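Shown next, in structure tokens, is the structure this report addresses.
Number of protein chains: 2
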Amino acid sequence: MPEDRADAVFGALADPMRRRLLATIAQRPATATELAGALPITRQAVAKHLASLTEAGLLVREREGRDVRYRATPAPLSSAASWMAEVGGQWDQRLARLADALAQAPGRSGPRPPR
Amino acid sequence: MPEDRADAVFGALADPMRRRLLATIAQRPATATELAGALPITRQAVAKHLASLTEAGLLVREREGRDVRYRATPAPLSSAASWMAEVGGQWDQRLARLADALAQAPGRSGPRPPR
DNA sequence: CAGACATGCAACTCTTTGGTTGCACGTCTA
DNA sequence: TAGACGTGCAACCAAAGAGTTGCATGTCTG
């Protein structure tokens with residue numbers, strides 16, 4: 005669990021707007037312009053958020069001719085959850101169970117569930 | 005899962021120094037002065053970090069005569085983990101399991117500490 | 001009581017960052 | 001080919017945040 009990665013992940017998750025963007029994209033991939041259309045901020049602002057989410061590894065860019073579509077990737081989230089389980093598991097049963105849940109089985113496997 | 009709470013929690017977790025402090029205190033309660041002694045920053049800086057961690061509900065203050073001892077509380081971490089499971093569970097099996105783990109009976113932590 | 005020690009409060013600096021506007025570039029499409 | 005549209009880049013601004021120093025207050029303890 006790379007510490008510098010956790011840095012980028014928690015940093016990315018710190019902003020409410022970015023969490024909102026991530027939650028939205030998690031349900032269905034989208035472009036910066038599409039996202040900006042449903043938000044009170046400009047496309048450029050959205051683009052910056054997407055950039056930091058991408059740098060944190062939470063999103064991947066996919067060029068599609070003229071536009072760029074972003075899709076969510078789960079791994080870094082699990083990583084962050086692991087950190088919490090590791091820290092909190094020492095004094096909380098709930099987080100300890102969480103640690104177990106994360107420890108089991110492979111990261112991402114089977115076909116990605118439908119959107 | 006109060007959104008404003010998640011804000012404070014993720015915000016608190018965003019800083020590496022604060023994660024370090026939280027991890028340290030999780031293992032053993034400590035005072036600001038003690039913590040500052042083992043860190044490259046001043047006591048006041050530590051105090052500020054402890055204040056935001058406390059406001060996020062991740063720590064509780066305990067006055068002991070002259071000094072103040074901080075102790076970790078698990079609830080908000082679980083809350084943050086829930087958010088991640090909720091968002092990520094839709095497209096990742098690992099996080100979906102995490103959601104299940106968190107859904108089960110609460111840990112030894114009683115009712116969430118009032119604001 | 002007097003000194004030592006921990007905390008609390010405030011002002012200040014410096015950097016980061018979330019947001020903006022403006023413009024250039026690339027790619028569809030009528 | 002011309003225009004419309006999405007993206008990329010850069011400069012700029014204001015607010016937040018991490019850190020500092022200085023000093024006041026409160027509490028042990030010799």
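Top to bottom, those sequences are chains U and F. Residues 5 to 119 in my numbering are what the first sequence spells out, letter by letter. Residues 5 to 119 in my numbering are what the second sequence spells out, letter by letter. Glycine is no exception: its CB is placed at the ideal position from the N, C-alpha and C atoms. Please read these numbers as outputs of a predicted model, since none were measured by experiment.
Beta-bridge pairing of residue i - partner residues as DSSP gives them
| i | result |
| --- | --- |
| leucine 25 of chain U | According to DSSP, which records beta bridges pairwise, leucine 25 of chain U is partnered with nothing at all. |
| aspartate 19 of chain U | None, per the DSSP bridge assignment. |
| glutamate 66 of chain F | F/Arg73 |
| threonine 46 of chain U | Bridge partners of threonine 46 of chain U: none, in fact. |
| threonine 35 of chain U | U/Arg73 |
Residue i to residue j span [Cα, whole Å]
| i | j | result |
| --- | --- | --- |
| alanine 18 of chain U | phenylalanine 14 of chain F | 5 Å |
| valine 50 of chain F | proline 20 of chain F | 12 Å |
| leucine 102 of chain U | histidine 53 of chain F | 26 Å |
| valine 91 of chain U | glycine 69 of chain U | 44 Å |
| alanine 16 of chain F | leucine 57 of chain F | 6 Å |
| serine 113 of chain F | glutamate 38 of chain U | Residue placement at serine 113 of chain F is poorly supported in this model, since its pLDDT is 43, which falls under 50; the coordinates still yield a value, given next. Near 42 Å, if we compare the C-alpha coordinates of glutamate 38 of chain U and serine 113 of chain F. |
| arginine 47 of chain F | proline 33 of chain U | 45 Å |
| glycine 93 of chain U | alanine 10 of chain U | 18 Å |
| leucine 62 of chain U | alanine 89 of chain F | 14 Å |
| proline 115 of chain U | proline 44 of chain U | Low confidence applies here, because proline 115 of chain U scores a pLDDT of 41, under 50, leaving its location unreliable; read the following figure in that light. Near 35 Å, if we compare the C-alpha coordinates of proline 44 of chain U and proline 115 of chain U. |
| arginine 65 of chain F | arginine 22 of chain F | 16 Å |
| alanine 1 of chain F | arginine 24 of chain F | The structure shown does not extend to residue 1 of chain F, since chain F spans only 5 to 119, so no value can be given for it. |
As assigned by DSSP and simplified to three states, the class of residue i
| i | result |
| --- | --- |
| alanine 10 of chain F | helix |
| arginine 101 of chain U | helix |
| alanine 60 of chain F | coil |
| arginine 112 of chain U | Confidence in arginine 112 of chain U is poor, its pLDDT being 44 and thus under 50, which makes the residue's placement too unreliable to answer from. |
Exposure of residue i, with buried meaning 16 or more beta-carbon neighbours within 10 Å
| i | result |
| --- | --- |
| proline 117 of chain F | For proline 117 of chain F, the predicted model reports a pLDDT of 41, less than 50, meaning its position is unreliable; a value from the coordinates is still stated below. Flag for proline 117 of chain F reads exposed. |
| threonine 35 of chain F | buried |
| alanine 105 of chain U | buried |
| arginine 119 of chain U | Because the pLDDT of arginine 119 of chain U is 31, which lies under 50, any placement of that residue in the model is unreliable, and the number read from its coordinates should be weighed accordingly. It is exposed - the Cβ of arginine 119 of chain U has fewer than 16 other Cβ atoms within 10 Å. |
| alanine 107 of chain F | exposed |
| arginine 67 of chain U | exposed |
**Message:** Quick test of the definition: if touching needs 3 or more C-beta pairs under 8 Å, does the region 21-32 of chain U touch the region 71-82 of chain U?
**Reply:** Judged by Cβ distances under 8 Å, the region 21-32 of chain U makes contact with the region 71-82 of chain U, as three or more pairs qualify.
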